[in-house]
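One structure below.
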Amino acid sequence: MDRPPVSRGFKSKRQTPEGARLPPGQYLTTDFPVLSAGPTPEIRVVDWKIALQLGGSLLGKWTWDEFEALPQTTITVDIHCVTKWTKLGTVWQGVSFDDLLKVVGVSEPPDAYVMAHCDGGYTTNLPVSDLVAGKAMIATRYEGLPLAPAHGGPARLLVPHLYFWKSAKWLRRLRFMPKDEPGFWESRGYHNYGDPWREQRYDGD
Amino acid sequence: MAIPGGSNVMTATDAPLQQPSIAWQTGRVQAIVAETSRVKSIILQPANWSGHWPGQHVDIRLTADDGYQAERSYSIASPPEEKLLALTVERVEDGEVSSYLLDELRVGDTLEFRGPIGWHFIWSQTRGGPICLVAGGTGITPLMAMLRHRTRSLAPIPASLIYSARSLAEIVYRDELDTMARDDRDLRLVYALTREHPGDWNGHRGRVNAALLAENSFTREQNPTFFICGPTGFVEGISSMLVKLGFDPLAIRTERFGPTGA
Ligand SMILES: Cc1cc2nc3c(=O)[nH]c(=O)nc-3n(C[C@H](O)[C@H](O)[C@H](O)COP(=O)(O)OP(=O)(O)OC[C@H]3O[C@@H](n4cnc5c(N)ncnc54)[C@H](O)[C@@H]3O)c2cc1C
Chain A
1 MDRPPVSRGF KSKRQTPEGA RLPPGQYLTT DFPVLSAGPT PEIRVVDWKI
51 ALQLGGSLLG KWTWDEFEAL PQTTITVDIH CVTKWTKLGT VWQGVSFDDL
101 LKVVGVSEPP DAYVMAHCDG GYTTNLPVSD LVAGKAMIAT RYEGLPLAPA
151 HGGPARLLVP HLYFWKSAKW LRRLRFMPKD EPGFWESRGY HNYGDPWREQ
201 RYDGD
Chain B
1 MAIPGGSNVM TATDAPLQQP SIAWQTGRVQ AIVAETSRVK SIILQPANWS
51 GHWPGQHVDI RLTADDGYQA ERSYSIASPP EEKLLALTVE RVEDGEVSSY
101 LLDELRVGDT LEFRGPIGWH FIWSQTRGGP ICLVAGGTGI TPLMAMLRHR
151 TRSLAPIPAS LIYSARSLAE IVYRDELDTM ARDDRDLRLV YALTREHPGD
201 WNGHRGRVNA ALLAENSFTR EQNPTFFICG PTGFVEGISS MLVKLGFDPL
251 AIRTERFGPT GA
């Protein structure tokens, strides 16, 4: 469609604060909405493990205590959900993807894509280039507190420059793969990449 | 690709793996129906529509004359068998899009939208049952599409609807639901009224609790599929109660109506 038709009588009710970094089509929220496809898993950290995989083989795996002992990173970022809310200046702590690779002794990512696997069967796919160089982490704390189950606790992926469904909650496994494959929402009509600045919401955007 | 039309063409697989890209289109507003004091249904005539699954939604986009745009999602309340799309919109205090749709939009206007969207929170009669639907407030909307579709199918699929509303007056589609339940022995309808109930009310009083769920959601052996829709806090509460009751988490599908994370 060329130019969207004007909606008779519609006026913005919202003022975007001066200088707000808001991708197109997003609005600001101060609360923290929850969206997921099923119930929230209640995972006890004593039962929790996380693994990094290359094809069928294991590059590394950690219990909660082992994971907590890895180098920690804190970042402050804006997050953007495909359901159109944006939250500014959120503070996360966890282990950066770069550090994870370092710890398992991998200097070059072995494959070009990664699939994130989660409790409850959720998956999401990402190019490795979107995870390295300080772009992503496995987060275990939000605003200084342990990550609540509803927000993906004990640990979630955090890839803030993509729509938030890519920041998979209840993360259990990251698997390198040579070829890109769609994950859960990506095979249900959502965009394969999900760049908020290009409004890549659905397949074909 | 399997998209439901009037005929029975859907498969029982989880979701189609491919779909055409979802282009923006305009629809004409054919009718606006007051459902309750805070809720209206908007009946839209899409320019072209290849069908939807009960449970899917559309995105609405409003454009102001200065170019400002706002988009929000609204579930489809009509079944795939109908040519017109029905959306059911609740007023959100100070809401930008809902207040426009309720106060400003008129019959004859064009509304820009795209869809259908959402390939997870879907059900059709070919998937069979039993199904247990749990609605909080306007979370009834996508579940209504499922029930309307179910009524049109001839298969006697066991279903239950547990519908939580603040008061009798806030129950959306109440007449239609009551009629549906009266005419259909395979449908169990339970209202839970949280704030006000008539003195002689013999339905559930207060919030949906584990006992009410256990009583009305079939047994674990019957393997019901759950569809829960409503405000975030409601959906969180119900789904975790169901998991504690021993139902399979993978059989519990949820749709949370943002934006407020209560
Ligand atoms: C898949 C899906 C399906 C849905 N289906 C339905 C449906 O069938 N029916 C239905 O009624 N709803 C549905 N919703 C919810 C709907 O999309 C909207 O969220 C709802 O209508 C509110 O939008 P609004 O523009 O009116 O409110 P908003 O303007 O988004 O406001 C919501 C609240 O946030 C506050 N707020 C928003 N932006 C700001 C800001 N910048 N600064 C301060 N405060 C702010 C407002 O004050 C208000 O309290 C659905 C949501 C989803 C995700």
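Chains as they are written, first to last, in full-length UniProt numbering: chain A, 1 to 205; chain B, 1 to 262. Just so it is clear, CB atoms sit at the ideal spot from N, CA and C, and this is done for glycine as well. If you're wondering where the values come from, they're calculated on a predicted model, not measured in any experiment.
Roughly how many angstroms separate the alpha carbons of T138 of chain B and I43 of chain A, rounded to a whole number?
-> For the purposes of this step, residue 138 of chain B is identified with residue 138 of the second sequence, where counting begins at 1. For the purposes of this step, residue 43 of chain A is identified with residue 43 of the first sequence, where counting begins at 1. Distance between the alpha carbons of T138 of chain B and I43 of chain A is about 31 Å.
Cβ of H52 of chain B less than 8 Å from any chain A Cβ?
-> Residue 52 of chain B sits at position 52 when you count from the first residue of the second sequence. It does not: the Cβ of H52 of chain B has no partner Cβ on chain A nearer than 8 Å.
Any beta strand (DSSP E) of 3 or more consecutive residues that is wholly inside the UniProt domain "Oxidoreductase molybdopterin-binding" (38 to 185) of chain A | Here the runs fully enclosed are 49 to 54, 57 to 63, 73 to 80, 85 to 96, 113 to 118, 123 to 127, 137 to 142, 156 to 158 and 171 to 177.
Measuring alpha carbon to alpha carbon, tell me which of B:I43, B:Q69 and B:V134 ends up nearest A192 of chain B.
-> For the purposes of this step, residue 192 of chain B is taken as residue 192 along the second sequence, with counting starting at 1. Comparing Cα positions, the closest option is B:V134.
Taking Cβ-Cβ distances below 7 Å as the criterion, which residues of the stretch 95 to 117 of chain B are in contact with chain A?
-> E96, Y100, E104, D109, T110, E112 and I117
Would a check of beta-carbon distances place F164 of chain A closer than 8 Å to chain B?
-> As a position in the first sequence, residue 164 of chain A is number 164, starting the count at 1. Chain B, which has no Cβ nearer than 8 Å to the Cβ of F164 of chain A, makes this no.
Since D175 of chain B is in the alpha helix (DSSP H), which residue starts that stretch and which ends it?
-> Start at 1 with the first residue of the second sequence, and residue 175 of chain B comes out as number 175. D175 of chain B -> alpha helix (DSSP H) spans R174 to R182.
Heavy atom of ligand 1 less than 7 Å from the Cβ of S36 of chain A, yes or no?
-> Mapped onto the first sequence, residue 36 of chain A falls at position 36. Outside the cutoff, so no.
Amino acids of chain B, ordered along the chain, whose beta-carbon sits closer than 9 Å to that of A37 of chain A = Stepping through the first sequence from its first residue, residue 37 of chain A is reached at position 37. Ordered by position in chain B, the residues that pass the 9 Å Cβ test against A37 of chain A are H120, F121, R253, T254 and E255.
Report yes or no: do three or more beta-carbon pairs, one from the stretch 61 to 72 of chain A and one from the stretch 116 to 125 of chain A, lie closer than 8 Å?
-> no
Would you say V82 of chain A and Y190 of chain A are within 8 Å of each other, going by their C-beta atoms?
-> On the first sequence, position 82 is the one that residue 82 of chain A refers to. On the first sequence, position 190 is the one that residue 190 of chain A refers to. Taking 8 Å as the Cβ cut-off, V82 of chain A and Y190 of chain A qualify as a contacting pair.
Any non-hydrogen atom of ligand 1 within 7 Å of F227 of chain B CB = Walking along the second sequence from the start, residue 227 of chain B turns up at place 227. No, ligand 1 has no heavy atom inside 7 Å of this Cβ.
For F257 of chain B, is the beta carbon positioned less than 7 Å from some heavy atom of ligand 1?
-> Along the second sequence, read from residue 1 onward, the residue named residue 257 of chain B stands at position 257. Yes; taking the cut-off as 7 Å, the Cβ of F257 of chain B has a heavy atom of ligand 1 nearer than that.
Can a CB atom of chain A be found closer than 8 Å to the CB of Q69 of chain B?
-> Taking the second sequence and counting its residues from 1, the one referred to as residue 69 of chain B is at position 69. Yes, Q69 of chain B counts as interfacial toward chain A.
Please work out which residues of its chain come closer than 8 Å, Cβ to Cβ, to P33 of chain A, disregarding the five sequence neighbours upstream and downstream, and give them in chain order.
-> By 1-based counting over the first sequence, the position of residue 33 of chain A is 33. Closer than 8 Å at Cβ, skipping near neighbours: C81, T83 and W85.
Cα-Cα separation between V97 of chain B and T30 of chain A, rounded to whole angstroms | Counted from its first residue, the second sequence places residue 97 of chain B at position 97. Counted from its first residue, the first sequence places residue 30 of chain A at position 30. The straight-line gap from Cα to Cα measures roughly 18 Å.
Which chain B residues are close to G120 of chain A, counting only those with a beta carbon under 8 Å from its beta carbon?
-> Sequence index remark: in the first sequence, residue 120 of chain A carries index 120 (1-based). The contacting residues are P249 and L250.
Output yes or no for whether 8 Å exceeds the beta carbon distance between I42 of chain B and L101 of chain B.
-> Taking the second sequence and counting its residues from 1, one reaches residue 42 of chain B at position 42. Taking the second sequence and counting its residues from 1, one reaches residue 101 of chain B at position 101. It is a contact, given that the beta carbons lie within the stated cut-off.
Taking 7 Å as the cut-off, does the CB of E196 of chain B come closer than this to any heavy atom belonging to ligand 1?
-> Taking the second sequence and counting its residues from 1, one reaches residue 196 of chain B at position 196. Not under cutoff, so the answer is no.
How is Q30 of chain B classed by DSSP in three states: helix, strand or coil?
-> Residue numbering aside, residue 30 of chain B sits at position 30 when the second sequence is read from its first letter. Note: Q30 of chain B maps to strand in three-state DSSP.
Compare the beta carbon distance of R148 of chain B and S78 of chain B with 8 Å and say whether it is the shorter of the two.
-> One-based indexing of the second sequence puts residue 148 of chain B at position 148. One-based indexing of the second sequence puts residue 78 of chain B at position 78. Closer than 8 Å, so yes.
List, in order along the chain, the chain B residues whose C-beta lies closer than 7 Å to that of S89 of chain A?
-> If you number the first sequence from 1, residue 89 of chain A lands on position 89. It is worth fixing the name first, because residue 89 of chain A is Gly in this sequence and not Ser. Those do not exist, as G89 of chain A stays about 17 Å from chain B at its closest Cβ, beyond 7 Å.
Which one or two residues does DSSP pair with R205 of chain B in a beta bridge?
-> As a position in the second sequence, residue 205 of chain B is number 205, starting the count at 1. Paired residues: B:L193.
Buried versus exposed, by CB contacts within 10 Å (16 or more), E236 of chain B = Indexing the second sequence from 1 puts residue 236 of chain B at position 236. The Cβ neighbour count for E236 of chain B, taken over all protein chains shown within 10 Å, is at least 16; the residue is labelled buried.
Below 7 Å CB to CB, which residues in the same chain sit around D180 of chain A once its five sequence neighbours on both sides are set aside?
-> Counted from its first residue, the first sequence places residue 180 of chain A at position 180. Within the same chain, D180 of chain A has close Cβ partners Y113 and N125.
Minimum C-alpha distance to L85 of chain B - residue among B:G95, B:F113, B:E104 and B:R91 = Numbered from its first residue, the second sequence carries residue 85 of chain B at position 85. That would be B:F113, whose Cα lies nearest to the Cα of L85 of chain B.
Going by DSSP, which residues form a beta bridge with Y27 of chain A?
-> Stepping through the first sequence from its first residue, residue 27 of chain A is reached at position 27. DSSP output for Y27 of chain A lists A:W85 as bridge partner(s).
Kindly examine ligand 1 and report whether one of its heavy atoms sits closer than 7 Å to the Cβ of L87 of chain B.
-> Indexing the second sequence from 1 puts residue 87 of chain B at position 87. Yes.
Return the residues of the stretch 23 to 48 of chain B that lie within a Cβ-Cβ distance of less than 8 Å from chain C, sorted by chain order.
-> Protein chains A and B are contained in the structure displayed, whereas chain C is not.
Grab the span of the beta strand (DSSP E) containing A159 of chain B for me, first residue to last.
-> Indexing the second sequence from 1 puts residue 159 of chain B at position 159. It spans A159 to A165 - the beta strand (DSSP E) in which A159 of chain B sits, taken as one unbroken run.
Take A47 of chain B as the anchor and find which of B:L111, B:Q125 and B:G128 has the nearest alpha-carbon.
-> Here residue 47 of chain B corresponds to residue number 47 of the second sequence, with the count starting at 1. Answer by Cα proximity: B:L111.
Given a threshold of 16 other Cβ atoms within 10 Å of its Cβ, counted over all protein chains shown, does P231 of chain B qualify as buried or as exposed?
-> Position 231 of the second sequence, counted from the start, is the residue given in the question as residue 231 of chain B. Per the 10 Å Cβ criterion, buried.
Same chain, Cβ closer than 7 Å to A140 of chain B, neighbours up to 5 away in sequence not counted | Looking up residue 140 of chain B in the second sequence gives position 140. First, the residue type needs correcting, since residue 140 of chain B is Ile and not Ala in the sequence shown. Here the set comprises Y163, V172 and Y173.
Residue-chain proximity (V243 of chain B, chain A), Cβ-Cβ < 8 Å | Counting from one through the second sequence, the residue named residue 243 of chain B turns up at place 243. So yes, V243 of chain B belongs to the interface.
Distance between beta carbons of Q30 of chain B and V107 of chain B, contact taken as under 8 Å = Here residue 107 of chain B corresponds to residue number 107 of the second sequence, with the count starting at 1. Here residue 30 of chain B corresponds to residue number 30 of the second sequence, with the count starting at 1. Contact flag correct, Cβ pair sits at about 7 Å.
So does D109 of chain B have its beta carbon nearer than 7 Å to some heavy atom of ligand 1?
-> By one-based count along the second sequence, residue 109 of chain B stands at place 109. Not so, every heavy atom of ligand 1 lies at least 7 Å from the Cβ.
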